[in-house]
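Residue numbers (UniProt numbering): 1 to 289.
This is the structure we're talking about:
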């Protein structure tokens, strides 16, 4: 039962919470032990809070997941994890993590609490409303970045990074909806009600809009942010962002992937190489240039 509980907490999706570390990296605080330790603690707390939301979501969606070709294998939907146990675990995690969040930082605690409430609203109602569902997902990523900012003494963290985060999250969210719509085809709305409000034409248009604006917004950040080198060397990271966006677009439209973005990040070698090279180039520009 413990393995089923851990699986339901979805540790594979904890990679999303790396956005909590954005502030400590982009505000050039990686060499500050206190800032790094507080940011890592904040990321761990967000991982646990998000796991409680996943448990609640799976409890609410248990019946629908049983009719899904892939989600029916989830521990709660398959019966491997009893609903009372999952509910107790979700409540226990929140009872522990929210007070710890306030101990870490009052502002961080409020952001974590809002993050939990927003995701709770998403799981119970908002995920069934077209467009709003993906906007809420994007809001979750922005809250992660804001949580990281609240933990350190920010000096010159660029607001452009909030814009890029929002657009990137929208891009991934619409890509996920496209993959789900393609996978389930004509029976999509019987599995996820919100898919009845989408079609491939609309999703492809939305993906085109947000992918293009993501590249533009990131490019503007690389030569307009106040804490970047005067030689504009940060612009050298733009090609990695462009390829990463193009690669994800290729995967969702040609390879019919994208239903689980975290799985793509953990399995697609070209995308992993791009993220690694982008990360190394950012560190070089900020700390070695």
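Heads up, the beta-carbon is just placed ideally off N, CA and C, and yes, glycines get one too. Nothing here was measured: the structure is a model prediction, and the numbers come from that model.
| Query | Result |
| --- | --- |
| Rounded to whole angstroms, what's the CA-CA distance from residue 194 to residue 128? Just pull it up for me. | 4 Å |
| Smallest Cα separation from residue 208: which of 72, 107 and 175? | 175 |
| DSSP three-state call for residue 154: helix, strand or coil? | coil |
| Please list the segments of the alpha helix (DSSP H) lying wholly inside the segment 234-289, counting only runs of 4 or more residues, in order along the chain. | 238-253, 261-267 and 269-283 |
| So, using beta-carbon positions, are residue 161 and residue 26 closer together than 8 Å? | yes |
| Is the beta carbon of residue 200 less than 8 Å from the beta carbon of residue 181? | yes |
| Rounded to whole angstroms, what's the CA-CA distance from residue 262 to residue 112? Just pull it up for me. | 22 Å |
| How far does the alpha helix (DSSP H) with residue 129 in it extend, from its first residue to its last? | First-last for residue 129: undefined, no H or E at that position. |
| Please state the DSSP three-state secondary structure of residue 7. | helix |
| Looking at the secondary structure, which residues open and close the alpha helix (DSSP H) in which residue 197 lies? | Here residue 197 belongs to no alpha helix (DSSP H), and DSSP marks it neither H nor E. |
| Alpha carbon to alpha carbon, what distance is there between residue 224 and residue 159? | 11 Å |
| Indicate the three-state DSSP secondary structure (helix, strand or coil) for residue 105 in the structure shown. | coil |
| With distances taken Cα to Cα, identify the nearest neighbour of residue 51 among 119, 64 and 106. | 119 |
| Let me know if residue 146 comes out buried or exposed under the rule of 16 or more other beta-carbons within 10 Å of its beta-carbon. | buried |
| Considering only residues of the same chain and omitting the five flanking positions on each side of residue 31, which have a CB-CB separation below 8 Å? | 287 |
| When the Cβ atoms of the segment 209-217 are set against those of the segment 139-153, are three or more pairs found closer than 8 Å? | no |
| Return the CA-CA distance between residue 42 and residue 153, expressed in angstroms with no decimal places. | 15 Å |
| Could you say if the segment 269-280 and the segment 245-260 meet the contact criterion of at least three C-beta pairs nearer than 8 Å? | yes |
| For residue 112, name the three-state secondary structure that DSSP assigns. | helix |
| With DSSP collapsed to three states, give me the class of residue 144. | helix |
| Taking the alpha helix (DSSP H) that residue 46 belongs to, which residues open and close that run? | 33-60 |
| Between the C-alpha atoms of residue 178 and residue 168, what's the straight-line distance to the nearest angstrom? | 15 Å |
| Quick one: what does DSSP say residue 71 is sitting in, helix, strand or coil? | helix |
| Within 10 Å of its beta-carbon, does residue 121 have 16 or more other beta-carbons around it, so buried, or fewer, so exposed? | exposed |
| Would residue 341 pass as a contact of residue 149 if the rule is Cβ separation under 8 Å? | Residue 341 falls outside the range modelled here, since the chain spans only 1 to 289, and no answer is possible. |
| Whose CA, out of 80, 35 and 102, lies closest to the CA of residue 24? | 35 |
| Would you mind stating whether residue 60 and residue 108 have Cβ atoms separated by less than 8 Å? | no |
| Just how far apart, CA to CA, sit residue 39 and residue 253? | 36 Å |
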